[in-house]
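Going by the numbering used here, the sequence shown opens with residue 2, and the numbers climb by one from there.
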Amino acid sequence: MFSVTILGNNSAVPAYERLPSSQLVNIDGQKFLVDCGEGTQLQLIRYKIKYSRISHIFISHLHGDHYFGLIGLINSFGLLNRQQDLVVFGPPPLKKILELQLQVASTRLPFSLHIKEITGPGMLLETEDIEISCFPTDHRITCYGFSFCEKTITRKRLAAQGQPRRYAYCADTRYNESLLTYVSEYDLMYHEATYLDDQREKAELRFHSTAKQAAQLAQKAKVNRLLLGHFSSQYEKLEAFKNEAREIFPNTEIAEQGVTYLL
Ligand SMILES: [Zn+2]
2 MFSVTILGNN
12 SAVPAYERLP
22 SSQLVNIDGQ
32 KFLVDCGEGT
42 QLQLIRYKIK
52 YSRISHIFIS
62 HLHGDHYFGL
72 IGLINSFGLL
82 NRQQDLVVFG
92 PPPLKKILEL
102 QLQVASTRLP
112 FSLHIKEITG
122 PGMLLETEDI
132 EISCFPTDHR
142 ITCYGFSFCE
152 KTITRKRLAA
162 QGQPRRYAYC
172 ADTRYNESLL
182 TYVSEYDLMY
192 HEATYLDDQR
202 EKAELRFHST
212 AKQAAQLAQK
222 AKVNRLLLGH
232 FSSQYEKLEA
242 FKNEAREIFP
252 NTEIAEQGVT
262 YLL
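#1: Could you check where the beta strand (DSSP E) with K117 kicks off and where it finishes?
#2: What residues in its chain sit with their C-beta under 7 Å from that of C150, if we drop five residues either side in the sequence?
#3: Ignore the nearest five residues each way along the sequence and tell me which others in K32's own chain have a CB closer than 7 Å to its CB.
#4: Is the CB-CB distance between T41 and L63 below 8 Å?
#5: Whole alpha helix (DSSP H) runs in the stretch 189-260 with 4 or more residues, listed along the chain?
#6: Looking at C-beta atoms only, is the number of pairs between the stretch 177-190 and the stretch 217-237 that lie closer than 8 Å three or more?
#7: Given R19, which residues of its chain have a CB within under 6 Å of its CB, disregarding the five upstream and five downstream residues?
#8: State the Cα-Cα distance for the pair G121 and H140, rounded to the nearest angstrom.
#9: In this structure, does DSSP put L110 in helix, strand or coil?
#10: If you draw a straight line from the C-alpha of S107 to the C-alpha of Q217, how long is it?
#11: Would H209 and Y191 qualify as a contact pair, given that the criterion is a beta-carbon distance under 8 Å?
#12: Along the beta strand (DSSP E) that carries I55, what are the first and last residues, could you check?
#13: Could you spell out where the alpha helix (DSSP H) holding E100 opens and where it closes?
#14: What does DSSP give as the partner residue(s) for L25 in the beta ladder?
#15: What separation, rounded to the nearest whole angstrom, lies between the Cα atoms of F78 and V88?
#16: Looking only at its own chain, which residues have a Cβ that is under 6 Å from the Cβ of L114, when we skip the five neighbours before and after it?
#17: Where do the N-terminal and C-terminal ends of the alpha helix (DSSP H) with S73 fall, by residue?
#18: Going by the DSSP bridge assignment, what does Y68 pair with across the sheet?
#19: Whose C-beta lies closer than 6 Å to the C-beta of A172 among residues of the same chain, with five residues either side of it excluded?
#20: Give me whichever residues DSSP pairs with Y170 in a beta bridge.
#21: Just to check my reading of the structure: F59 and I28 have Cβ atoms closer than 8 Å, yes? What is that Cβ distance to the nearest angstrom?
#22: What residues in its chain sit with their C-beta under 6 Å from that of E254, if we drop five residues either side in the sequence?
#23: Please report the distance separating the alpha-carbon of P93 from that of E240.
#24: Express the C-alpha separation of T153 and E129 in angstroms, rounding to a whole number.
#25: Should D173 be counted as a contact of ligand 1 given a C-beta to heavy atom distance under 7 Å?
#26: For a test of the three-state rule: what should DSSP assign to S12, helix, strand or coil?
#27: Rounded to the nearest angstrom, what separates S22 and I7 at their Cα positions?
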């Protein structure tokens, strides 16, 4: 089992019942939360996801729509008497922010919280079966994408007779071909598509991408499938995102909240 469940697919402010960025990656029962926008824990409850089993949280960058749900989730873990360790990765000063939030509320967590700050690209976590790495994207502030890769050869994998699968979350970014280094030939790539093509200048100025640009990158990277997300709240309907992207890269889907995408 290797899947991605979308919890939030909007950018900036919530709109049309779309919440800011968050998704859950499940690899053989190991659960990883990727970004944690406001409302993430409500989405986990809504979609009946057993979130106590989330072991690691990966925060791409410190724009609020990617981490304002984090302290709420950590606080709830405490109130629910979580015992197992929780590891949070994110760029500085995430540690300072979280520690201050916990400190001013005199919060004592019943579990160990390990906040690991990301200071550059590279491996974040390696287990017997998987590797999780981060890579820089081209955004207004320091931002990282994350790649989740099954290892090439493990006994378990051979028994399951599958090829190693790879998923890349490209977070917030302008169109930038430097990403190709990190996502080439992946099974599934999530790429933001904040705007449609008629607003590509705005996208460039704001360090975001259009649906077409996401599709161009997917095509150049020769990924198998593209998932679009992080939609601007100016759009009520999302059909046009899919249509514009599919002109360039047919195997494109809209990242729908509550939907699980299997690799
Ligand atoms: Zn951002």
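The beta-carbon is built from N, C-alpha and C at its ideal position, and this holds for glycine as well.
By the coordinates alone:
#1: L114 to E118
#2: I131, E132, P165 and R167
#3: L25, R54, I55 and S56
#4: no
#5: 201-206, 212-222 and 240-249
#6: yes
#7: N10 and N11
#8: 15 Å
#9: coil
#10: 49 Å
#11: no
#12: I55 to F59
#13: L95 to V105
#14: T6 and L34
#15: 13 Å
#16: L87
#17: According to the sequence provided, residue 73 is Gly. The question's Ser does not apply to it. Looking at the DSSP string, the run of the alpha helix (DSSP H) that includes G73 is L71 to L80.
#18: Beta-bridge pairing links Y68 to no other residue.
#19: S61, T138, C144 and G146
#20: F147 and Y191
#21: Between I28 and F59 the Cβ distance is about 13 Å, and since that is not below 8 Å, they are no contact.
#22: L228
#23: 37 Å
#24: 11 Å
#25: yes
#26: coil
#27: 8 Å
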